[in-house]
Each structure stands twice: as C-alpha cells, then as structure tokens.
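J.: First to last, the sequence lines map onto chains A and B.
Heads up: the first sequence begins at 1 in our numbering, then just goes up one per residue.
Heads up: the second sequence begins at 1001 in our numbering, then just goes up one per residue.
Don't be surprised by glycine CBs; every beta carbon is placed ideally from N, CA and C.
Please read these numbers as outputs of a predicted model, since none were measured by experiment.
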Amino acid sequence: MRMKWHEEPPVKILLIEDDKETGEYISRGLKEAGHLLSVAADGRDGLFRATGEPWDLLIVDRMLPGLDGLSLVRTLRAGADATPVLFLTTLGGVGDRVGGLDAGADDYLTKPFAFAELVARVNALGRRPREVKTETTFKVGDLELDLLKRTVRRGEKPILLQPREFKLLEYLMRHAGEVVTRTMLLESVWDFHFDPRTNIVETHISRLRSKINREGGGELIHTVRGAGYSLHAAS
Amino acid sequence: MTLLYAGLFCASVLILFGAMYWFGTGFIAEQIDATVNSEIEEVRTAAHGNTLAALRKTVALYSTNTPDGTYYLLLDRKGRKLAGNIPPLTPVLGVRRWAGREEGGTFRGTSHEVRGRGVAAPDGGYLFIGLDANELDEMREMIARAFVVGLLATVLLALGSGALASLGLLRHVEAISQTSREIVAGDLGRRLPVRNTNDEFDHLAESLNAMLERIEGLMTGLREVSTDIAHDLRTPLTRLRQRLELARRGQSVDELHQALDKSIADTDSILETFAALLRITQIEAHTRATAFTRIDLSTMLLDMAETYASVAEEQGQVIAADIPPGIVIRGDRELLPQLFSNLVENAIRHSPPETKIVLSASAAPQGVTVEIADTGPGIPAEMREKVFQRFFRLERSRTTEGTGLGLSLSAAIAHLHGATIRLSDNRPGLRVTLQFPSDQTV
C-alpha cells in the first residue's frame, strides 16, 4: 500500500503497545508514511515516556501490562496533558468505544484494521491543533460553505443540499486536504458505529459530487483508492 | 424443628390456660365478695341499732335460717363466740379465705374453701360472713383438668403435625435436590415437579424451572453456534488456503499482488463474521439499560429514512416514512441505529427494483411500535422464526454477500431493549414489527 504523504510534516508519535508483532507492523507502516515513531512496550513505561517529552500523538493499546490503557489516558488527562490519543483495541465491544472516549481518548480503532484507516486517523489527529476549529466559513477552491447561514456556493452559483449532504460536505471541508475514510464519515456524519452492508457513503458522495460539480471547474472530491476521499482544489 | 414447634405450641396453651384461670377465678371471687358485702349490709340493717346485743340476735337468727353454704360468726371483744354457725376464728379484718376442713374441720358438711369478709362490730366485736366457695373450687378443678387434657392433646397434635410437615418439607427438598443432581449429571431437559398447589414450593419450582429453561436455551444456542461457526468458517478458510497456495506457485509479481489482495479480502470477511458473532454475544450478555439514554426515536427514524432514500433510489426502490414527531424512548444510542439500519438494509438488499419500503412508527400507552414494511418477495411463514437463527440464510439469498448474522444481531438488540420483533406478511412482501414496551418509553 503506497500513499503519498511525504510532503506533509511528520507527526511525532509514541506507540504504547505490548504485542511485539503488532507494534512492528504499526511502526513500520507509519514510518513508511513519513512519521516519527517510538514504541513503549508496557503501560508504566508508556506513561513515563508520554509525560517525559512532548508528542504530537499517542497511540495506546487498551490492554497493556503494568497499567492498562484506560487508566493511562485517565492519568494523563488528570495531569492536564492534552496530547491527542488514539485508542487501539481488540475488544471493540458494545460500550468500549464510549468508555475509551470518556476516559479522554480522541479516537478509537478496533483491531484488526486496514492500514489506510490508521494512517488517515493519525493524520487527522496528529496534524490538528486540539482546540476545536471555530471558523464558520470554509473555502476550498471556488467552493464556499457558510455554517451560520447554512449555504453553499460554487463560484457565484448557490447550491442546494439536503441536511445530510450539508453535514457531509462540512466534514470534508473541515478536513480539506486530508484523507478521510469511509468509516470516519460513517462515524462523524451518520453517527453509525458499525459497518453497514449497503454503500451509503458512496451513494451520498456521488450525489454531493454531482451537485457541486461545475462546467469547467475541476473535480473537488477525490477518491483515494483503497483509503477514502479527499477534498482539495485540483492542483 | 418438630420439637421446637411442639414446645412453642405448649407454651401458648400454657399461657392461654393461665389467663383463663386467672380471669375465671378472679371473676368468681369478685362475685363472692360482692355477695358477702351485701349480706353484711343486710345483717347490719336487720339488727336495728348499732349494738353488739342487737347484732347477736340477728346473726343467731340468720345463721339458723340459712341455706347451706353461708357462714356467720360474731365474736365479742375477747374473741368469744356470741352467735354463728362456724367455730370461732381469729378476728382478722378484711377479705379472708380458708379451706373449711383446715380450721376446725368440716362444719355443716362442707369441706370446700370458704371465702368471706371480717368487719369490726360495735363494742370491739367482730363479725364475719363467708360463703362456700365451691364454685371457685370447681372452676379451678375444671380448668386444671381441661389444662391437662388440652396440653396432652396439644403436645400430640404439635408433634404429629410437625412431623408430618417436616416430612413433607424434606420430601420436597429431596425431590428438588434429586432433580438438581440429575441435571448436573447432564440431563438438561429435566424439570422440577410442580404440584399445582400454588404454595411457596410451587413458586420456587416454577422459578427454578424458568431458570433451567433459560440455561438449556443458552446451552443449546452455544452448541448450535459452535457447530455453525465451524461450518460457516470452514468454507472461506479453505478458499483462503487454496488461494495462498496458488499464489506461492505464482509467476509474476502482479499475480502475487492480486492473490494477496483477494486473500486480505477473504480474511476481512472471516473477521467480519467473528466480529458480528462477538457483538451478538456481547449484546446478549449485556446488562439491560446500563448505557440507556433518552432517544428521540422520531428523529432517528427520519434520519434513517433520509440516509437510505438515496441508496434505495439507486436500486430503483422507494423509501417512504410515516413517523409522527416527538416519539421518545430509552435506549442505547449506538445499538438502535444498527438495529434499524439492519432492517432497512435487509429490505433494500433482498428486494427487487420497484419495491416500496415504508418506515412507520406510532406511540400508544402500551408502548412504541416501529414497522419496516416492503413489497419485496417476503419470507415464507414457516421460515419466519428460523431467520433469526445465527447463520440461517434463505436459499435465494445464499448468493447475496453477508454473514447471515444480521437478523440475529437485530433480535439481540431488540431483546436488549425489551422489545419484541415479529415478522409478518405485508401482502405482498415482508413486514417487520418492533414493539417496545411502555417502560422503555419516556
């Protein structure tokens, strides 16, 4: 799987994972994607290193020897450490996601996962300042979205969107230039935390595309093969 | 236990008789005292003049003309008998009683107890009037006899019924433990005997039987699932193995990559089956209502209809929604969308173009009803129960991709919410009815 993110600045990541093979797999893949990786093999060591130096992102396995992932994140958050945390788990059970987010994690990924999924989430978390963006207008190329007026324009032409399409476009614009996966869209736009059996995302993307398309104005929503979608002006 | 109860019985009989004795004799004594008092008054009045001599005459007259059972005695200052029908007594004032035969032996044929009252007479004299207290004696004797007989009967009865009761008790307990041993030994179909006497033992047996029913159901489910997993995963695993072996002999890098991509896809579908199974198990084991919150069901269902409208449209199908606003229930925010999504997707995936899918909801005092109806091919009546079983797939949907776990998962989520899920004929098509209980509504 080859993806081009080399041009973006690397994310400095601490991976806290006790399983050697999984650790190897994740760190090798993320290094290939251009990130800086360090690995801690147990909870105590992980907490020690997480607080010892600044990181852009922590990837924490939920089941760890020494100190489990949930307690580790709680301890960090109690100490006002706001470093983004991505939880990894094999449990993936009912309520685990909520439990992880309650403890202070920013995102949650169930093993096994497609590597593209992990990379997309690492990019989304690691490059984003933790404060929630407060902009109310977004602009990509000649496409503009106004959150307060709930309007969308392409150039001079206003575009009418269904509420769900508006939400979808808003998410894509907030993550303009990043790759967003199908799962990320399902979770954020539809609040679906399971894998639907029909192509909801594909269908809605294709409708959105046809609505924001303009004669002669290039494609804005790009399909990233094997990974997801990315909204950016044609280069 | 029997002895304890017998002891308790005897104690209560003892108390009962004691009370009877106390109140009975007290009442008779009071009667006697009252009679004696009025007799004294009468003698005093009849004496006309408050002198010892006048009294002496009256007492002498009364004591000779008296019926059996009334005793008079008048003494002078020195204790000498002036008149009366009993031998002289030590002059003691107030109520006094004695057994007639003790002091002075029997007189006038009585050996009963005598109860009477001594009062001061003029000139230092002493007047005593007493009554034969044979009623008191009889009463005492009667109570004592009754007491002995009663106590004896009570002891016998208590011991007997106690023994019977504990015998019955022990027999029931023994029956239950016997059945339990048989169940432990592996006969899960056994049930405790219910005697339809509607007592505590029946209730206990019924509760235990209900529990056994559930355990047996779970055990059967577990056994079926293990077999199903083995069957359903063997095919894709075999295919994966074959593909990998072919890839190993592959010639070009392109071929190798292709084989690897397909293998990853195969593995993903196997993992998906595992994930679905785990999820069902977890939902089934989930304690109800732990993660329940207030949910705007109307909005959730309208969102569902909106989300799937375009998906259905691509297949030439139509989704309509008939959902009044403001229906609110308590439920799991993550699982409920999966339940509705599963059912709507089933309708979309198993129906041909031109199918109309209607999502409706209504709230009534007895609960909230949600219906997903389509005009597709439907499910034959005899298959409607089976489709909820894990891995069960209708013949015609064997070719559709899927784990065969969707409806099991839906049923598990519905069950978690205390809701019933029912399939019926939509003439034509399938109608799925979810009935949420009223305690789930807000």
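I believe Leu1297 (chain B) touches Ala1361 (chain B) by the beta-carbon criterion, under 8 Å. Please report the beta-carbon distance rounded to the nearest angstrom.
T.: Walking along the second sequence from the start, residue 1297 (chain B) turns up at place 297. Walking along the second sequence from the start, residue 1361 (chain B) turns up at place 361. About 6 Å; that satisfies the 8 Å criterion.
J.: On the criterion of 16 or more Cβ atoms from any shown chain inside 10 Å, does Glu178 (chain A) qualify as buried, or is it exposed?
T.: As a position in the first sequence, residue 178 (chain A) is number 178, starting the count at 1. By the neighbour-count rule (16 or more Cβ atoms within 10 Å), Glu178 (chain A) is buried.
J.: Please report the distance separating the alpha-carbon of Ile1176 (chain B) from that of Ala1165 (chain B).
T.: The residue you call residue 1176 (chain B) lines up with position 176 of the second sequence. The residue you call residue 1165 (chain B) lines up with position 165 of the second sequence. In a straight line, the C-alpha of Ile1176 (chain B) is about 17 Å away from that of Ala1165 (chain B).
J.: Give me the chain B residues within the contact set of Asn199 (chain A), using Cβ-Cβ distance strictly less than 9 Å, ordered along the chain.
T.: As a position in the first sequence, residue 199 (chain A) is number 199, starting the count at 1. Asn199 (chain A) reaches chain B at Val1311, Glu1314, counting residues in chain order whose Cβ is nearer than 9 Å.
J.: Counting only C-beta atoms, is Thr1307 (chain B) closer than 9 Å to chain A at any point?
T.: Here residue 1307 (chain B) corresponds to residue number 307 of the second sequence, with the count starting at 1. Closer than 9 Å: yes.
J.: Can you give the Cα-Cα distance for Ala200 (chain A) and Ile59 (chain A), rounded to whole angstroms?
T.: Translated into the one-based positions of the first sequence, residue 200 (chain A) becomes position 200. Translated into the one-based positions of the first sequence, residue 59 (chain A) becomes position 59. First, the amino acid is wrong: residue 200 (chain A) is Ile here, not Ala. Computed Cα separation, rounded: 29 Å.
J.: Of the residues that make up the segment 72 to 88 of chain A, which ones have a beta carbon closer than 9 Å to any beta carbon in chain B?
T.: none
J.: Please tell me whether Ile1348 (chain B) has its Cβ less than 9 Å away from any Cβ of chain A.
T.: Within the second sequence, the letter at position 348 stands for residue 1348 (chain B). It does: the Cβ of Ile1348 (chain B) has a partner Cβ on chain A nearer than 9 Å.
J.: Measure the beta-carbon distance from Gly43 (chain A) to Leu15 (chain A) and round it to whole angstroms, keeping in mind my assumption that it falls under 8 Å.
T.: Position 43 of the first sequence holds residue 43 (chain A). Position 15 of the first sequence holds residue 15 (chain A). Actually they do not touch by this definition, with Cβ atoms about 13 Å apart.
J.: Is Ile1329 (chain B) buried or exposed, if buried means 16 or more other CB atoms sit within 10 Å of its CB?
T.: Here residue 1329 (chain B) refers to the residue found at position 329 of the second sequence. Buried, because 16 or more other Cβ atoms sit within 10 Å of the Cβ of Ile1329 (chain B).
J.: DSSP three-state call for Lys1386 (chain B): helix, strand or coil?
T.: Start at 1 with the first residue of the second sequence, and residue 1386 (chain B) comes out as number 386. Judged by DSSP in its simplified three-state form, Lys1386 (chain B) adopts helix.
J.: Going residue by residue through the segment 1165 to 1250 of chain B, where are the continuous alpha helix (DSSP H) segments of at least 4 residues, counting only ones entirely within it?
T.: 1200 to 1248
J.: DSSP three-state call for Val224 (chain A): helix, strand or coil?
T.: The residue given as residue 224 (chain A) occupies position 224 in the first sequence. Three-state result, Val224 (chain A): strand.
J.: Are Val180 (chain A) and Leu30 (chain A) touching if we call contact CB-CB under 9 Å?
T.: Numbered from its first residue, the first sequence carries residue 180 (chain A) at position 180. Numbered from its first residue, the first sequence carries residue 30 (chain A) at position 30. No; because the gap between Cβ atoms is not below 9 Å, this pair is not in contact.
J.: Spell out a yes or no on whether the segment 1192 to 1202 of chain B and the segment 1230 to 1238 of chain B are touching, meaning 3 or more CB-CB pairs, one atom from each, closer than 8 Å.
T.: no
J.: According to the Cβ coordinates, are Ala1121 (chain B) and Leu1061 (chain B) closer than 9 Å?
T.: By 1-based counting over the second sequence, the position of residue 1121 (chain B) is 121. By 1-based counting over the second sequence, the position of residue 1061 (chain B) is 61. Not in contact: Ala1121 (chain B) and Leu1061 (chain B) (Cβ atoms no closer than 9 Å).
J.: What does DSSP give as the partner residues of Arg1431 (chain B) in its beta bridges?
T.: Numbered from its first residue, the second sequence carries residue 1431 (chain B) at position 431. B:Ala1373, B:Ser1424, per the DSSP bridge assignment.
J.: Give the secondary structure of Asp1123 (chain B) by DSSP, where H, G and I count as helix, E and B as strand, and everything else as coil.
T.: If you number the second sequence from 1, residue 1123 (chain B) lands on position 123. It is helical.
J.: Within 10 Å of its beta-carbon, does Leu36 (chain A) have 16 or more other beta-carbons around it, so buried, or fewer, so exposed?
T.: Within the first sequence, residue 36 (chain A) is the residue found at index 36, counting from 1. Classification for Leu36 (chain A): exposed.
J.: Does DSSP put Val11 (chain A) in a helix, in a strand, or in coil?
T.: Against the first sequence, residue 11 (chain A) aligns to sequence position 11. Val11 (chain A): coil per DSSP, three-state reduction.
J.: From the DSSP output, in three-state form, read off Pro163 (chain A) for me.
T.: Indexing the first sequence from 1 puts residue 163 (chain A) at position 163. If DSSP states are grouped into helix, strand and coil, Pro163 (chain A) belongs with the helices.
J.: For Pro196 (chain A), return the contacting residues in chain B, with the cut-off set at a CB-CB distance below 7 Å.
T.: The residue given as residue 196 (chain A) occupies position 196 in the first sequence. The answer, in chain order, is Ser1341, Glu1345.
J.: According to DSSP, simplified to helix, strand and coil, what is Gly1104 (chain B)?
T.: Residue 1104 (chain B) sits at position 104 when you count from the first residue of the second sequence. A caution first: Gly1104 (chain B) carries a pLDDT of 47, below 50, which makes its placement in the model unreliable, though a value can still be read off. Reduced to three states, the DSSP call for Gly1104 (chain B) is coil.
J.: Checking 9 Å against the spacing of the C-beta atoms, do Val1318 (chain B) and Ile1372 (chain B) come in under that value?
T.: Indexing the second sequence from 1 puts residue 1318 (chain B) at position 318. Indexing the second sequence from 1 puts residue 1372 (chain B) at position 372. It is not a contact, given that the beta carbons lie outside the stated cut-off.
J.: Between which two residues does the beta strand (DSSP E) harbouring Phe138 (chain A) extend?
T.: Start at 1 with the first residue of the first sequence, and residue 138 (chain A) comes out as number 138. That run of the beta strand (DSSP E) goes 137 to 140.
J.: Hey, would you say Arg1115 (chain B) sits closer than 9 Å to Gly1130 (chain B), going by beta carbons?
T.: Here the question's residue 1115 (chain B) lines up with position 115 in the second sequence. Here the question's residue 1130 (chain B) lines up with position 130 in the second sequence. Yes, these two residues count as a Cβ contact at 9 Å.
J.: Please go through the same chain and pick out, in chain order, the residues whose beta-carbon is closer than 7 Å to the beta-carbon of His6 (chain A), but skip the five residues on each side of it.
T.: On the first sequence, residue 6 (chain A) is found 6 positions in, with the first residue counted as 1. At His6 (chain A) the pLDDT is 41, less than 50, meaning the model places this residue with poor confidence; the figure from the coordinates comes in the next sentence. Cβ within range, chain order: Gly34.
J.: Taking 9 Å as the threshold (C-beta atoms), are Gly52 (chain A) and Asp61 (chain A) in contact?
T.: Taking the first sequence and counting its residues from 1, one reaches residue 61 (chain A) at position 61. Taking the first sequence and counting its residues from 1, one reaches residue 52 (chain A) at position 52. The answer is no: Cβ separation not under 9 Å.
J.: Mind listing the chain A neighbours of Pro1337 (chain B)? Cutoff is C-beta to C-beta under 9 Å, in chain order.
T.: Residue mapping note: residue 1337 (chain B) aligns to position 337 of the second sequence, counting from 1. Within 9 Å Cβ-Cβ: Trp190, Asp191, Phe192, His193, Phe194.
J.: Residues of chain B with a CB under 9 Å from the CB of His204 (chain A): which are they?
T.: Within the first sequence, the letter at position 204 stands for residue 204 (chain A). Within 9 Å Cβ-Cβ: Thr1307, Ser1310, Val1311.
J.: Nearest-angstrom Cα distance between Glu1284 (chain B) and Leu125 (chain A)?
T.: Numbered from its first residue, the second sequence carries residue 1284 (chain B) at position 284. Numbered from its first residue, the first sequence carries residue 125 (chain A) at position 125. When rounded, the distance between both Cα atoms is 34 Å.
J.: Just to confirm before moving on: does the CB-CB distance between Phe1128 (chain B) and Leu1074 (chain B) stay below 9 Å?
T.: The residue given as residue 1128 (chain B) occupies position 128 in the second sequence. The residue given as residue 1074 (chain B) occupies position 74 in the second sequence. Yes, the pair counts as a contact, with Cβ atoms nearer than the cut-off.
J.: Buried or exposed for His1172 (chain B), going by 16 or more other Cβ atoms inside 10 Å?
T.: Counting from one through the second sequence, the residue named residue 1172 (chain B) turns up at place 172. Looking at its Cβ environment, which holds 16 or more other Cβ atoms inside 10 Å, His1172 (chain B) is buried.
J.: How would you call His1048 (chain B), buried or exposed, if buried means at least 16 neighbouring beta carbons within 10 angstroms?
T.: Residue mapping note: residue 1048 (chain B) aligns to position 48 of the second sequence, counting from 1. Burial call: exposed.
J.: Taking the alpha-carbon positions, what's the Val11 (chain A) to Pro54 (chain A) distance?
T.: Residue mapping note: residue 11 (chain A) aligns to position 11 of the first sequence, counting from 1. Residue mapping note: residue 54 (chain A) aligns to position 54 of the first sequence, counting from 1. If you take the alpha carbons of Val11 (chain A) and Pro54 (chain A), they lie about 11 Å apart.
J.: Can you check which of these residues, A:Leu172, A:Gly155, A:Asp191, A:Gly228, is closest to Ala114 (chain A) by C-alpha distance?
T.: Taking the first residue of the first sequence as position 1, residue 114 (chain A) is located at position 114. Closest by alpha carbon: A:Gly228.
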